[in-house]
Amino acid sequence: MPIWIFRFSTLIAFPFLTYDFIDKDAVSLAAGLLCALIVIIAEAVFKRLRLIKIMIACSGFLLGYLLFVFTDYAVQNFSGPNPLEWWVNNGRYVEIGLIIFGVLASLFKSRDLEGLSYKGRHLKVADVTALMDGRIVDLCEINFLSGIIVIPVFVLEALNKMAASKDPLERAKGRRGLDVASRLQELKEIAVRITSKTPKAENDTERVVKLAKSFDAEVVTLDFNVNKIGALYDVVVLNIADLATALKPVVLPGETMSLFIMKDGKEKEQGIGYLDDGTMVVVEDGRKFIGKRTEVSVYSILQTSSGRMIFAKIK
């Protein structure tokens, strides 16, 4: 509501001021109305721009003007009479052109500049696996991941390539990754930056780690190979799969738990159930309790390369 009061007041005040202080005629009223419209349009445009974009545009303006100053100095002191005469007549147009070029070039490259304007451990570089998995969104929503999520352009290109694949599974993964990237940009809990900086590397995995190294940032992934490469480059890797493993509930032999037995096992009279985190529980003499929830007692835990297996008995 206050913004509409400002706009309405501007439309009334500017024509009144020009009519009262410049000249009491229709031309002054029209000039005041035009000035009011320019102010309102400028306000609406700047309201849509983030502060960083405005700062980048101002930097482009200054760079364009400095380029003109250096060119003007060179022409004034080192050129012949003919170029000097042309410069005197057309230098103003060159100045305007260089300033406009500087502003537009900085705005077109603003996403890249935004990504490069930050450094530090508050930056999290997301790779293809983190976007395809999607749990990064949940971690951001609960403020478990803080700072700024950096999404490299080459990661988005890899997801686009997957989304255009003929393989249905790969196509689904690519589309999910792009959807997760879009959802991240809509979050209010965390900022997202897209950078086109692409380090030279043999593959995207190493490229992500090198990018994080250049930003002094961390990598968010689900790929264990990134952990290995990150150790080589001294880059901190936040592996969501490792986090999920670390958060699995600790079960010790001798403990009892309530378990829903879903199906029969490989051995005779065995029943199979699952914990909330997906850990499989093999229950001796549990076959007759299939489809029921019952109390079981843990007597052994087996850690395998694919995860944990818990062995229990009917209590």
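Residue 281 in this note's numbering is what sits at position 284 of the sequence shown, and the numbering runs on without skipping anything.
By construction, the Cβ of each residue, glycine as well, lies at the ideal position given by its N, Cα and C atoms.
query = Helix, strand or coil: which one does DSSP assign to F11?
reply = As a position in the sequence shown, residue 11 is number 14, starting the count at 1. Looking at F11 - three-state DSSP - the assignment turns out to be helix.
request  = Closer than 8 angstroms by C-beta to S211: which residues in its own chain qualify, once you throw out the five before and the five after it? Chain order, please.
outcome  = Working through the sequence shown from its first residue, we reach residue 211 at position 214. K194, P196, listed in sequence order.
task = Using three-state DSSP, classify T291 as helix, strand or coil.
result = Here residue 291 is taken as the residue at index 294 of the sequence shown, counted from 1. T291: strand per DSSP, three-state reduction.
query = What first and last residue would you give for the alpha helix (DSSP H) that runs through T126?
reply = One-based indexing of the sequence shown puts residue 126 at position 129. Unbroken alpha helix (DSSP H) run through T126: 125 to 130.
query = With burial defined as no fewer than 16 other Cβ atoms inside 10 Å of the residue's Cβ, what is the status of F11: buried or exposed?
reply = Locating residue 11 in the sequence shown gives position 14, where the first residue counts as 1. By the neighbour-count rule (16 or more Cβ atoms within 10 Å), F11 is buried.
request  = Write down every uninterrupted run of the alpha helix (DSSP H) in the region 155 to 215 whose length is 4 residues or greater and which is fully enclosed by it, in chain order.
outcome  = 165 to 183, 201 to 212
inquiry  = Measuring straight from C-alpha to C-alpha, what distance separates Q267 and T218?
reply    = Against the sequence shown, residue 267 aligns to sequence position 270. Against the sequence shown, residue 218 aligns to sequence position 221. Between Q267 and T218, the C-alpha separation is close to 37 angstroms.
query = Among all the DSSP beta bridges, which residues are the ones paired with M254?
reply = Taking the first residue of the sequence shown as 1, we reach residue 254 at position 257. M254 is bridged to V293.
task = Check whether the Cβ atoms of A214 and L156 sit closer than 8 angstroms, and answer yes or no.
result = Here residue 214 is taken as the residue at index 217 of the sequence shown, counted from 1. Here residue 156 is taken as the residue at index 159 of the sequence shown, counted from 1. It is not a contact, given that the beta carbons lie outside the stated cut-off.
ask   = Do the region 90 to 99 and the region 56 to 68 meet, that is, are 3 or more Cβ pairs less than 8 angstroms apart?
value = yes
request  = Return helix, strand or coil for K265, following the three-state DSSP convention.
outcome  = As a working note, residue 265 is residue 268 in the sequence shown. Three-state result, K265: coil.
ask   = In this structure, does DSSP put N236 in helix, strand or coil?
value = Locating residue 236 in the sequence shown gives position 239, where the first residue counts as 1. Residue state, collapsed to three classes: strand.
task = Evaluate contact between the region 249 to 266 and the region 169 to 182, counting only Cβ atoms and requiring at least three cross-stretch pairs below 8 angstroms.
result = no
key: Coarse secondary structure for T218, derived from DSSP in three states   = Your numbering for residue 218 matches position 221 in the sequence shown. Strand, per DSSP.
message = Just list the residues that DSSP pairs R305 with in beta bridges.
response = Translated into positions along the sequence shown, residue 305 becomes position 308. DSSP output for R305 lists Q300 as bridge partner(s).
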